[in-house]
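All the letters of the sequence shown, read from the start, carry residue numbers 43 to 119 under our numbering.
C-beta atoms are modelled at their ideal positions from N, C-alpha and C, and glycine is treated no differently.
Just so we're clear, the structure is a prediction, and the values are computed from it rather than from any experiment.
First the structure, in the form of structure tokens, and then the observations on it.
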Amino acid sequence: VHGRLDMPELAQLLSGSVLLNPTTLSEGFQTTLIEAIASGASLITTPVPGVPELAERRAPMTVVDQCDAESFAHALR
Numbered sequence: 043v044h045g046r047l048d049m050p051e052l053a054q055l056l057s058g059s060v061l062l063n064p065t066t067l068s069e070g071f072q073t074t075l076i077e078a079i080a081s082g083a084s085l086i087t088t089p090v091p092g093v094p095e096l097a098e099r100r101a102p103m104t105v106v107d108q109c110d111a112e113s114f115a116h117a118l119r
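Below is the structure:
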């Protein structure tokens with residue numbers, strides 16, 4: 043846990059990482075996904091709002107249909 047970070051610090055921590063987004067319910071567009079991509083991370087996510095728009099823009103992500111450990115592990119491999 044790093045606490046509050048400036049965007050350059052956050053980008054450095056996320057660069058080259060993979061963000062697992064197991065969210066199944068959300069309201070609106072998830073800015074966490076945009077921040078991770080902007081920082082150089084890849085995503086493995088469920089099909090929550092905003093994901094289709096990111097897919098259209100060829101964001102580095104994999105979408106899993108099931109929100110379970112096996113689906114996320116398979117996508118990570």
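Discussion item. So the candidates are A53, T73, R46; which of them puts its Cα closest to the Cα of G92?
Written reply: Answer by Cα proximity: T73.
Fill in: Under 8 Å between C-beta atoms of T88 and T65
For the pair T88 and T65, the CB atoms are nearer than the 8 Å cut-off.
Fill in: Candidates P50, L55, E51: closest to A83 by CA position
Distance from the Cα of A83 is smallest, within the candidate group P50, L55, E51, for L55.
Worksheet item: Less than 8 Å separating the beta-carbons of P102 and I79?
Response: Using a Cβ distance threshold of 8 Å, P102 and I79 count as a contacting pair.
Worksheet item: What number of angstroms, rounded off, separates the C-alpha of A117 from the C-alpha of G58?
Response: Approximately 16 Å between the Cα atoms of the pair.
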